[in-house]
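If you read the sequences in order, they're chains A and B.
Using this note's numbering, read the first sequence as starting at 306 and increasing by one per residue.
Using this note's numbering, read the second sequence as starting at 20 and increasing by one per residue.
Where is the CB? At the ideal position from N, CA and C, for every residue including glycine.
Report on the following structure.
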Amino acid sequence: MTNNPTKTVIEFDDRTVRHFMVASIFWAIVAMLVGVVIATQLAFWQVNLNSPYLTFGRLRPLHTNAAIFAFVGNMMFAGIYYSLQRLVKARLASDFLSKLHFWGWQAIIVAAAITLPLGLTRGKEYAELIWPINIAVALIWVVFAINFFWTIARRNEPSLYVAIWFYIATIITVAMLYIVNHLSLPTSFTHSYPVFGGVQDALVEWWYGHNAVAFFLTTPILGIMYYYLPKAAGRPVYSYRLSIVHFWSLVFVYIWAGPHHLLNTALPSWLQSLGMIFSLMLWAPSWGGMLNGLLTLRGAWHQLRTDPVLKFFAAGVTFYGMATFEGPLLAIKSVNALSHYSDWTIGHVHSGTLGWNGFMAAGMFYWLAPRLWNRKLYSPSLANMHFWLGLVGILLYVAAMWVSGITQGLMLSATRESGTVLAYPNFLDAVTSTKSLMHIRALGGAMYLSGFIMLAWNIFKTAHGAEPVNGTIEVFVEPAHPARPMGLKRGFINAPVVYSMLYVLFAVGWAATSGIYSAFSFVGIFSISLALLIHKDVSKATWNQWYEQLLENSLPFTALTTLAVVIGGIVQIVPTIIVNKAECIEGVRQIPYTPLELAGRDIYVREGCYNCHSQMIRTLVGDVLRYGAYSKLGESIYDYPFQWGSKRTGPDLAREGGKYPSIWHFHHMRDPRQISPGSIMPNYPWLYTQKTEVDLLPHKIEVQRRLGVPFAEQTPEELTQCVTIQEQTIAADLKAAGAEIPPDREIVALISYLQKLGKSEKVNSTSAQAPTASK
Amino acid sequence: MFHRILVEDWQRALTILSFGIFAAVFLLTLARALRLGRDRVRHLEALPLEKDSHE
């Protein structure tokens, strides 16, 4: 038997890459089309068409999910599978898994596109999909992970290029985030309640929501940048060393920044501060990566005039820099007081998705198409036109949102008479003042969509009549794997890791404790330093070898990456989970819902009201003057899911209960403009004809009870009687005010919920028992 | 808000602690990156530039 390497030809699986690329283009157009429709609805409310399936509240989740998971998801898989095979010099491990991954992911997207307009939702932003689809997502993600790591295991190139690091971080972190934020208890095949409620749910949701941006929309695309940008520019990355610092700093810091979505709210202030500080520190790694990308173009800038691929990449990376400058800016508490709940955030998000994700996708597709079909791009001129149309579209969109957002922020927080009176007490003043900007927003979005339709046409014409080809490469396969196997145990039980862990432990102990514990920790730091010096001197250890081996061993590398991203989550979430119990609440505590109010809440969630209305009065003068006393933690402790919201297209509803008579809501939901001239809210005529779903209530309440909501024990008959009594009371009230409605209609349940919002009770004892729900 | 299970005057140390954690991670990775051998860097950065049959 010889140990000489044998020469062999590997044919890559580019068919899977083509599939994902075509799917991404198709879903991009769907996502953007829905985006343009909902942008138009904000300018012309009539575009809601009085249809339950086409309201802003139901279509906006479809837009965001399609853009994130369908467009960018498919693009990411195409980009990863193409580059992974070439970087590790191996074909994808399993054709079956590749097919299962592709078709499984498309089935998930189709299921989402059907269920979201039907109002089947979990009521959490970017996590709306119902629980059976959640399970499918997790399973298909595992299929992706197996295919990915199996391919790495079969590689013919020992080193792991930095792009693969970013892919590994994506796979691990998205799995962790997705599973934790989607933990639910089902009440039926299409409905569930999340296991977290109130502030817990808020924290977990934005830990997930922020890091969905980080690890679904950023890290995989950075990996793609590190592969495709050098390819397109024909030169290596500007600084490989910088890419290492970029990777570790980014994955470690990003995970801590989630609470910046909850600034000035009822979230404990230490968490807010932590979110703000780590967001600011994100500037460094983000800009390190952005500069590394741009400087890769050194000596190739002249190609930008003619090469649409480089044009898209250069602009995409620039938008990454802009978005990662603006993000930390918006995470500063005082800036956030102005920007949050306004269109500024929407503009920020779109400069990232349209500018960074969209342009990187376009650049990659234009680069891939000629190589996947072995034919020149049909029209570079059309691609150039796409670039300029898209760029102007983004600028119109983002500029309109900046102006609109700042206008809304200023108007809604403006006060007169030494800060005692609101300058614009009518919320609609801000809506009507920014209406013209909604037109510009829809125009910008339509231009961007037109550009992507051009891309679809260009790639279709490139592929049409051409023969799809799979790339091949000759490699020398060594009989023994060239990588030096390390193993998980040897990866972690070694001096550098043990010393580092002890350092972190003692450092945290020193900073977070006081007295004897702090002193002990300080001595610990000193002792570890001394032990380290002695160890090095005695053993003559060189720790470079450990690190160098790490670069060739995916398993310990993956475990180390997992550790880096898990730390932030544990520090932030665990304390909140431990203490967010009814018996720990001070001050005020939410009064649990009645069965009918719970049914009304489910309707509120179904219609996606949280997309436009918050339920969180911030600790800011403008909020308190407009909506009442600021929201306390205990006031939403029984809310599964929480409904704090992230945008105020309409006013906050945290203290809506009792603010207006029931007849006001009755008329307002049927035709908002009858009550509030200038409103852009849709009409909800179906609430007056559809009957309230009460059959499932006993089971829903049982699930809520298991989650810790103190609903009273009731037989199904008692529960039905309780619902009927409350329905009849509200119907009688409406009748007395001049409106007749059968008591079993959804509008009655919704009114019962709206009238309950903000109802709480004082808690005096430091260990008060949780109350029981009123019947 | 909550009972005093949560220490609410963390802000005093929070910024310094956060910066310390970030700086430690940053400096460690920087040190590793700088000590990476030149040949190895050249090998790694050239990986994407290898061409297959259709490039």
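Using a Cβ-Cβ cut-off of 9 Å, R320(A) does not count as an interface residue toward chain B, since no Cβ of chain B sits closer than that to its own.
The Cβ of D58(B) sits no closer than 9 Å to any Cβ of chain A.
Per DSSP, the unbroken beta strand (DSSP E) holding P491(A) starts and ends at 489 to 491.
In the three-state reduction of the DSSP assignment, P990(A) falls in the helix class. Contact with chain B is absent for I526(A), since none of that chain's Cβ atoms lies less than 9 Å from the residue's Cβ. Taking a C-beta distance under 9 Å as the contact criterion, L397(A) and T313(A) do not qualify as a contact pair. Less than 9 Å separates the beta-carbon of R923(A) from that of S936(A). Look at G873(A) here: in three-state DSSP terms it is helix. G892(A) carries a strand assignment under DSSP once its states are collapsed to helix, strand and coil.
T420(A) sits away from V910(A), with the two beta carbons spaced by 9 Å or more. By the Cβ criterion, the segment 339 to 351 of chain A is not in contact with the segment 679 to 696 of chain A, since fewer than three pairs of Cβ atoms, one from each stretch, lie closer than 8 Å. In this structure, T881(A) lies away from L659(A), with their beta-carbon atoms at least 9 Å apart.
Setting aside the 5 residues that flank it on each side, S399(A) is surrounded in the same chain by N452, W455, each with a C-beta closer than 7 Å to its C-beta; the list follows chain order. Membership of P1021(A) in any beta strand (DSSP E) is not indicated; the residue belongs instead to the alpha helix (DSSP H) covering 1021 to 1041.
If you draw a straight line from the Cα of P801(A) to the Cα of S859(A), it comes to about 18 Å. Burial is judged here by how many other beta carbons sit within 10 angstroms of a residue's own beta carbon; I798(A) has fewer than 16 and is exposed. In this structure, the beta-carbon distance from Y943(A) to G503(A) falls below 9 Å. Neighbours of R391(A) in chain B, taken as residues whose beta carbon is under 8 Å from its own, are P67, E69, D71 in chain order. The contact set of E772(A) on chain B, defined by CB atoms closer than 7 Å, is empty, because the minimum CB distance reaches about 11 Å. Counting only runs that start and end inside the segment 637 to 665 of chain A, the alpha helix (DSSP H) elements of at least 4 residues fall at 638 to 644, 648 to 655.
Excluding residues up to 5 positions away in sequence, T899, L901, S1057 lie with their Cβ nearer than 7 Å to the Cβ of Q1031(A) in the same chain. Contact between I764(A) and F618(A) does not hold, since their C-beta atoms are separated by about 17 Å, which reaches or exceeds 8 Å. Straight through space, the alpha carbons of V1014(A) and G983(A) are spaced by roughly 39 Å. If you check each beta-carbon in the segment 565 to 580 of chain A against every beta-carbon of chain B, the ones closer than 8 Å belong to A571, P573, S574, W575, S578, L579. Bridge pairing for S497(A): P491(A) [DSSP].
Here L567(A) is not near W815(A), since their CB atoms are 9 Å or more apart. At a C-beta separation below 9 Å, S464(A) has these neighbours in chain B: R59, H62, L63, L66. In chain order, A371, A375, F376, N379, I414 place their CB closer than 7 Å to the CB of W332(A), counting only its own chain and leaving out the 5 sequence neighbours on each side. D842(A) sits exposed, since fewer than 16 C-beta atoms from the chains shown fall within 10 Å of its C-beta. No Cβ-Cβ contact shorter than 9 Å links R931(A) with L615(A). For V485(A), the enclosing alpha helix (DSSP H) has its first and last residue at 467 to 486.
The segment 33 to 48 of chain B makes contact with the segment 550 to 562 of chain A; the number of CB pairs closer than 8 Å reaches 3 or more.
Non-local beta-carbon contacts of A589(A) in its own chain, meaning distances under 7 Å to residues more than five positions away in sequence, involve S554 in chain order. The shortest CA-to-CA distance from H565(A) to any of Y533(A), F361(A), E631(A), L596(A) is the one to E631(A).
The alpha-carbon separation between E316(A) and V780(A) amounts to approximately 11 Å. By the rule that beta-carbons nearer than 9 Å mark a contact, V813(A) touches chain B.
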